[in-house]
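Participant:
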Amino acid sequence: MRCVYLLRSLNDPSRRYVGSTDDLQRRLAEHNARKSPHTATHAPWSIVVALHFEDEKRAEAFERYPKSGSGHAFAKRHFW
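Basically my numbering = 1-based index in the sequence shown + 35.
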């Protein structure tokens, strides 16, 4: 099962991150341990929303959506 997650920085709530993983708790721990170069400078992070998909291709497609223009607007309106 694949998880798509949206994070918000606790130090700077204007900083957000969208990612996917097979193990959400491990991945959040990596973000907060500053092991990811994309999120290291704004740690610690908290999970805003996490969606689990049985189909990996659907998870990949959904992960791209909040990074797109209309998906960014949707995420801002509903999640952030």
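Using N, Cα and C, we set each Cβ at its ideal position, and we do this for glycine too.
Contact check, residue 43 vs residue 57 under 8 Å by CB: the rounded distance?
Facilitator: In the sequence shown, counting from the first residue as 1, residue 43 sits at position 8. In the sequence shown, counting from the first residue as 1, residue 57 sits at position 22. Not a contact, Cβ separation roughly 22 Å.
Participant: With distance defined between alpha-carbon atoms, name the residue in 98, 61, 53 and 115 nearest to residue 74.
Facilitator: As a working mapping, residue 74 is identified with position 39 in the sequence shown. Looking at the Cα atoms, 53 is the closest of the given residues.
Participant: Out of curiosity, what's the CA-to-CA distance linking residue 101 and residue 82?
Facilitator: Numbered from its first residue, the sequence shown carries residue 101 at position 66. Numbered from its first residue, the sequence shown carries residue 82 at position 47. Distance between the alpha carbons of residue 101 and residue 82 is about 15 Å.
Participant: How far does the alpha helix (DSSP H) with residue 63 in it extend, from its first residue to its last?
Facilitator: On the sequence shown, position 28 is the one that residue 63 refers to. 59–67 is the extent of the alpha helix (DSSP H) around residue 63.
Participant: Which residues in the same chain have their Cβ closer than 6 Å to the Cβ of residue 41, if we skip the five residues on either side of it in sequence?
Facilitator: Working through the sequence shown from its first residue, we reach residue 41 at position 6. Excluding positions up to five away in sequence, the list reads 53, 83, 84 and 114.
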